[in-house]
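Per the working numbering, the very first residue in the sequence shown carries number 5; after that it's consecutive. First up is the structure itself, then whatever we jot down about it.
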Amino acid sequence: MTSKPSSVIIVGGGASAVFATVALRERAVADGVEPPRITVVGREEVVGRGLAYGRADAHHRLNSPAGKMSLTASDADGFLRHLDETGWRDVDGSSATPGAFVPREVFGDYVEAAFRALVDDPASGVAFEQGEVADVDDSGTGPFVTLADGTALAADAVVLALGNPAPGRVPTGAARAIDDPWAVGALDGIDASDHVLLIGTGLTMIDVATSLARRLPGIRMTATSRHLLLPAVHPSVPAAPGPGLGDGLSTLGGMMSAFSARLHRAEAEGTPWQAVVDGVRPQTQALWLALDQADRERFLAHGARRWDVHRHRMAQAVWAELSGLLDAETLTIAADVDTSGFDVAVNCTGPASVASRGWSPLVDRLLDRGLVAGDPTGLGFDADPDGALLGAEGLASGRLFGIGASLKGALWETVAIGEVRLMASKIAARLGVPATAAA
């Protein structure tokens, strides 16, 4: 454990930055010590939304129920209370329940409001600095953060809450290509007369397809991917999570056998398969850490996509909308398509790795100087289980941390709210602020 920091800088303006801020303060207050001064540095005026919880489309819903989306595990009903206090109602007039899948922008409202309340409270010690972080220097007594405009900020620790880079470019023979569907105005040039190719069949494709169909009645869309797998659907009646896979598993074969046995037992007992997946979820980081590099590569090549479509599911309301598009043949799913036969191709393959070069001058500088290193899978930064980032020599300074997408290669499951909340608590503990267990 490092000594308790007097100041922490959090780089990034999305939800992960707010989760880290709240965790650092909550753990300090619970232990009866003075919280550190926290400065969040983000490019946008608004903090807490990021790409995931912005206002791109008010119809886009969360992929997890409202009862699991609170900022802290100690206040499990926090998001539900926010929905009640703000008078939120669904399209059918119903109020929020723990099992409701509410619009993502509404969750963004909750996170943004929580951060704004901290900044507006002079006693909180939380501040916001709008700007672009150009560099972090960890060669002295503590990290020294430099903004693009030359502003220098000193801190005892830095948390990188960088979010996701834009997708990588996908070659296509279509007349027009949209590499990043979430860039401002990226989809505005698509017309109802266009035949649109959606490259990818995951949650991003569903968001793009439903957005285009609502805006452009009569549009024709075709989605394609290597496996042609659509995300699974949450059950209409949630089932309680089942047991995990047990301890002592260290090979992919052993884990797959144990998982298969759980599925067969659930089927025999009439338990939904979703309960099996949800029971394993709290164990996924430990399972990933137990695998050697060869088994991790095998999982990524042969099992990751099937895990993802069953783990990251869509709400019933989203499936109703998507199945309507499929039934009407507004959207078709096809293999081996000729990309040259489309007017527009939209890349729906998801974000690139945070550790990739070229998307962030800050990341490039950190990689160049060896303050961070890509993990062996290429999915993110190398880090220890508590989010402490490892340098090129494989050592952690204890002053530079990651949260969210940057830890995917190190821990696998890192971007859902449950994992973000848990990592925020771990970082608070590592920095000398006592942590409580995250749900």
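Every residue, glycine too, gets a C-beta built ideally from N, C-alpha and C. Predicted model, so just to flag it, every value in this text is computed and none were measured.
Distance between residue j and residue i (C-alpha atoms, nearest Å)
| i | j | result |
| --- | --- | --- |
| Arg-391 | Phe-405 | Looking at the sequence shown, residue 391 is not Arg but Gly. Answer to the nearest angstrom: the Cα atoms are 5 Å apart. |
| Pro-239 | Gln-320 | 7 Å |
| Leu-207 | Met-318 | 8 Å |
| Thr-76 | Gly-82 | 8 Å |
| Trp-311 | Pro-126 | 45 Å |
| Tyr-114 | Gln-134 | 20 Å |
| Ser-364 | Asn-168 | 11 Å |
| Val-200 | Asp-183 | 13 Å |
| Phe-346 | Ser-128 | 54 Å |
| Pro-185 | Ile-210 | 12 Å |
| Leu-267 | Val-348 | 41 Å |
| Ala-62 | Arg-218 | 11 Å |
| Gly-103 | Arg-65 | 13 Å |
| Leu-394 | Phe-23 | 22 Å |
| Met-73 | Ile-421 | 6 Å |
| Arg-403 | Ser-360 | 22 Å |
| Gly-36 | Ala-121 | 21 Å |
| Arg-93 | Ala-332 | 29 Å |
| Glu-136 | Gly-91 | 36 Å |
| Arg-309 | Val-237 | 15 Å |
Anticipated Cβ contact below 8 Å, residue i with residue j, distance rounded
| i | j | result |
| --- | --- | --- |
| Thr-353 | Val-110 | Not a contact, Cβ separation roughly 27 Å. |
| Val-419 | Val-212 | Contact flag wrong, Cβ pair sits at about 19 Å. |
| Val-162 | Pro-147 | 4 Å |
| Ala-338 | Gly-374 | Actually they do not touch by this definition, with Cβ atoms about 46 Å apart. |
| Asp-160 | Val-12 | 7 Å |
| Ala-243 | Thr-275 | 6 Å |
| Leu-234 | Thr-205 | 6 Å |
| Arg-41 | Ala-432 | In fact, because the Cβ distance is near 14 Å, the residues do not count as touching under 8 Å. |
| Val-15 | Leu-166 | 7 Å |
| Leu-220 | Ile-194 | 7 Å |
| Leu-366 | Ala-138 | 6 Å |
Classification of residue i by the beta-carbon crowding that lies within 10 angstroms, buried from 16 upward
| i | result |
| --- | --- |
| Leu-232 | exposed |
| Ser-143 | exposed |
| Gln-297 | exposed |
| Val-95 | exposed |
| Ala-27 | buried |
| Gly-283 | buried |
| Ser-99 | exposed |
| Ala-227 | buried |
| Glu-423 | buried |
| Gly-2 | Beyond the ends of the chain as shown, which are 5 and 443, falls residue 2; an answer cannot be given. |
| Thr-25 | buried |
| Glu-271 | exposed |
| Ala-60 | buried |
| Asp-368 | exposed |
Option nearest residue i by Cα separation, candidates the options
| i | options | result |
| --- | --- | --- |
| Asp-88 | Val-106, Thr-76 and Leu-249 | Val-106 |
| Gly-112 | Val-50, Gly-154, Thr-155 and Val-163 | Val-50 |
| Gly-86 | Ala-70, Ala-77 and His-63 | A quick correction: the sequence has His, not Gly, at residue 86. It is Ala-70. |
| Phe-263 | Val-280, Leu-366, Thr-228 and Thr-176 | Val-280 |
| Gly-408 | Ser-429, Ala-400, Glu-397 and Ala-80 | Ser-429 |
| Asp-141 | Leu-151, Ala-290 and Pro-242 | Leu-151 |
| Thr-101 | Val-241, Phe-132 and Pro-9 | Val-241 |
| Ser-357 | Gly-307, Ser-410 and Gly-402 | Ser-410 |
| Pro-171 | Gly-204, Gln-278, Pro-355 and Arg-269 | Pro-355 |
| Arg-315 | Asp-198, Pro-39, Ser-68 and Val-15 | Ser-68 |
| Pro-286 | Gln-278, Ala-80, Gly-248 and Ala-308 | Gly-248 |
| Trp-426 | Thr-288, Ala-104 and Ser-401 | The sequence given here places Leu at residue 426; Trp does not occur at that position. For the residues Thr-288, Ala-104 and Ser-401, the minimum Cα distance to Leu-426 belongs to Thr-288. |
| Ser-197 | Met-225, Gly-177 and Phe-303 | Met-225 |
| Ala-2 | His-306, Asp-388, Val-33 and Ala-62 | Residue 2 cannot be examined here, being either before or after the span of the chain that is shown, 5 to 443. |
| Leu-253 | Leu-435, Gly-436 and Leu-291 | Leu-291 |
| Arg-2 | Trp-92, Gly-58, Gly-398 and Ala-324 | Residue 2 lies beyond the residue range present for the chain, which begins at 5 and ends at 443; the question has no answer from this structure. |
| Ile-203 | Asp-195, Pro-221, Leu-220 and Gly-177 | Gly-177 |
| Ala-305 | Leu-326, Ala-324 and Arg-230 | Arg-230 |
| Ala-118 | Asp-79, Ile-223 and Ala-104 | Asp-79 |
| Ile-223 | Gly-402, Leu-335 and Gln-278 | Leu-335 |
| Ala-400 | Ala-138, Asp-331, Val-367 and Arg-434 | Arg-434 |
| Arg-180 | Ser-344, Thr-90 and Ala-265 | Ser-344 |
| Ser-10 | Glu-38, Phe-303 and Ala-34 | Glu-38 |
> Three or more beta-carbon pairs under 8 Å between the region 30 to 46 and the region 189 to 201, yes or no?
Replying inline: Result no; under three Cβ-Cβ pairs closer than 8 Å.
> Any contact of the region 51 to 64 with the region 19 to 35, i.e. 3+ C-beta pairs under 8 Å?
Replying inline: Enough Cβ pairs lie closer than 8 Å, so yes.
> Do the region 411 to 426 and the region 376 to 383 meet, that is, are 3 or more Cβ pairs less than 8 Å apart?
Replying inline: Contact between the region 411 to 426 and the region 376 to 383 is present: 3 or more CB-CB pairs across the two stretches fall below 8 Å.
> Quick check: the region 255 to 262 against the region 299 to 308, are there 3 or more CB pairs under 8 Å?
Replying inline: At 8 Å Cβ cutoff, the stretches touch.
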